[in-house]
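Sequences listed follow chains A and B, in order. Note that this note's numbering has the first sequence beginning at 1, numbered continuously upward. Note that this note's numbering has the second sequence beginning at 1001, numbered continuously upward. Read through the structure below, which is laid out as structure tokens, and then see the notes.
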Amino acid sequence: MASLYALAEGDEIEFIALRDILGLSDGNLSSHLIKLEEVGYVKIRKTFEGKKPRTYISLTRKGRRAFEDYTKSLMELLKLK
Amino acid sequence: MREENKPSEAQESLIQIIEAFRRMRIALARRKTGNYLILWGFILFVGYILTEIFMRLGKYDSIVWVWIILPTIGLIGVCLITVNQTKKTKERFPEGFYIFLIWISLVFYGFIIFAVILWMGNVSLNGIQVSLLFLNLAMFGYVLMGILLGKELALIGISTSILSVLCGLFLQEFFNLAMALICLITFIGGGFYINKKWELKNESTS
Chain A
1 MASLYALAEG DEIEFIALRD ILGLSDGNLS SHLIKLEEVG YVKIRKTFEG KKPRTYISLT
61 RKGRRAFEDY TKSLMELLKL K
Chain B
1001 MREENKPSEA QESLIQIIEA FRRMRIALAR RKTGNYLILW GFILFVGYIL TEIFMRLGKY
1061 DSIVWVWIIL PTIGLIGVCL ITVNQTKKTK ERFPEGFYIF LIWISLVFYG FIIFAVILWM
1121 GNVSLNGIQV SLLFLNLAMF GYVLMGILLG KELALIGIST SILSVLCGLF LQEFFNLAMA
1181 LICLITFIGG GFYINKKWEL KNESTS
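Written out as structure tokens, the structure reads:
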């Protein structure tokens, strides 16, 4: 979610690019994303470019807010401003 | 026990978030690296075309000015692209300083090699040889950048080097025109390719 938060609001990233940036396996990233999609934090868009399937990920507004709240609570816990 | 662990867990989570955020910012900073290649491709293309024109007109002094003015424009362009990219992504290349050192070193050693050749006295270089010397030093820079950033840059450097030497050996009569074409294909073509390949999203959404 932190990686997706770094993108501008509404921007998407391709699954492969996100996987490479985070250094995760396909399966590991997929399972994370499915969980986040279920709670409405990320949007997964599947499409075809010619015959190639492509998957694009973006953070929803709900996801952005949840991430901001989460980091805020972490900061408060650590007494950081 | 759980309560005691909470701050350290929070700290760990925060570190992970910062790291993930940093990685994405770097990826965002790198995705338009091809713009530098497009810029230099254009500079070299114009440079070689103007060299050919001035050679045909017999204005050899103008050729020297072409290769002073155009690289200066290129350097200004590099600064503008870097500032623009940094503003957009708020993240610089982590290897930026090393890339800067590579180019400073290459310019320095390029002039040393050139000075030694001139100092030898009985050796004189013609226009093609001078062009090959500086172009291939620059291509060595691309190979070194390729080691830091990605193999595509190294491939552009190596292919331009090989083609330039072949042109210098076998196409001397059309050297400038051939080099203009090579730079157009390798740099501008390579630049667009890198921009597409390193883009985080390869499809435009409406």
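Cβ atoms here follow ideal geometry from the backbone N, Cα and C, with glycine treated the same way. Remember, predicted model here, so these are calculated numbers, not experimental data.
Hey, I1188/B and I1038/B are a contact pair by Cβ (cut 8 angstroms); roughly how many whole angstroms apart?
Stepping through the second sequence from its first residue, residue 1188/B is reached at position 188. Stepping through the second sequence from its first residue, residue 1038/B is reached at position 38. Sure, about 5 angstroms apart at Cβ, within 8 angstroms.
In whole angstroms, give me the CA-to-CA distance for E49/A and S1008/B.
One-based indexing of the first sequence puts residue 49/A at position 49. One-based indexing of the second sequence puts residue 1008/B at position 8. Answer to the nearest angstrom: the Cα atoms are 45 angstroms apart.
Integer Cβ distance of L1149/B from E1095/B, believed to fall under 8 angstroms
Walking along the second sequence from the start, residue 1149/B turns up at place 149. Walking along the second sequence from the start, residue 1095/B turns up at place 95. Yes, L1149/B and E1095/B are in contact; Cβ-Cβ is about 7 angstroms, under 8 angstroms.
DSSP on P1071/B, reduced to helix/strand/coil?
By one-based count along the second sequence, residue 1071/B stands at place 71. In the structure shown, P1071/B sits in a helix (DSSP, three-state: H, G or I).
With a cut-off of 8 angstroms, do at least 3 Cβ pairs link the segment 1051-1064 of chain B to the segment 1098-1115 of chain B?
no
If you count every other CB in all the chains shown that lies within 10 Å of the CB of S1206/B, and 16 or more means buried, which is it?
Working through the second sequence from its first residue, we reach residue 1206/B at position 206. Low confidence applies to S1206/B: its pLDDT is 35, below 50, so where it sits in the model is not reliable, and the reading given next is rough at best. S1206/B is exposed by the Cβ-count criterion.
Name the one or two DSSP bridge partners that T1086/B has.
Stepping through the second sequence from its first residue, residue 1086/B is reached at position 86. Answer is none; T1086/B lacks a bridge partner.
Beta-carbon proximity list for Q1016/B, same chain, < 6 angstroms, skipping 5 on both sides:
Translated into the one-based positions of the second sequence, residue 1016/B becomes position 16. Answer for Q1016/B: no residue qualifies.
Closer than 6 angstroms by C-beta to G1157/B: which residues in its own chain qualify, once you throw out the five before and the five after it? Chain order, please.
As a working mapping, residue 1157/B is identified with position 157 in the second sequence. Cβ within range, chain order: M1139, Y1142, V1143.
Assign R45/A to one of two classes, buried (16 or more other C-beta atoms within 10 Å of its C-beta) or exposed (fewer than that).
Mapped onto the first sequence, residue 45/A falls at position 45. Label assigned to R45/A: exposed.
Spell out whether any CB of chain A is found under 7 angstroms from the CB atom of R1002/B.
Taking the first residue of the second sequence as position 1, residue 1002/B is located at position 2. Low confidence applies here, because R1002/B scores a pLDDT of 45, under 50, leaving its location unreliable and the question unanswered by this model.
Compute the Euclidean distance between the alpha carbons of T1072/B and K1151/B, then round it to the nearest angstrom.
In the second sequence, counting from the first residue as 1, residue 1072/B sits at position 72. In the second sequence, counting from the first residue as 1, residue 1151/B sits at position 151. The straight-line gap from Cα to Cα measures roughly 27 angstroms.
Counted within 10 angstroms of its Cβ, other Cβ atoms place L1111/B as buried (16 or more) or exposed
Taking the second sequence and counting its residues from 1, the one referred to as residue 1111/B is at position 111. Note that residue 1111/B corresponds to Phe in the displayed sequence, not to Leu. When all chains shown are included, F1111/B counts as exposed.
At what residues does the beta strand (DSSP E) containing S58/A begin and finish?
Your numbering for residue 58/A matches position 58 in the first sequence. Looking at the DSSP string, the run of the beta strand (DSSP E) that includes S58/A is 52-59.
Taking a cut of 7 angstroms between CB atoms, which residues from the segment 32-44 of chain A lie near chain B?
none
Please return the same chain residues whose Cβ sits closer than 7 angstroms to the Cβ of Q1085/B, not counting the five positions on each side in sequence.
As a first step, residue 1085/B is located in the second sequence; it is residue number 85 there, counting from the start. Same-chain partners within the cutoff: A1029, K1032.
Closer than 7 angstroms at the beta carbon, the chain A residues around I1017/B:
Taking the first residue of the second sequence as position 1, residue 1017/B is located at position 17. By Cβ distance, chain A contributes A2, T71.
Pick helix, strand or coil for K46/A, following the three-state DSSP scheme.
Position 46 of the first sequence holds residue 46/A. K46/A: strand per DSSP, three-state reduction.
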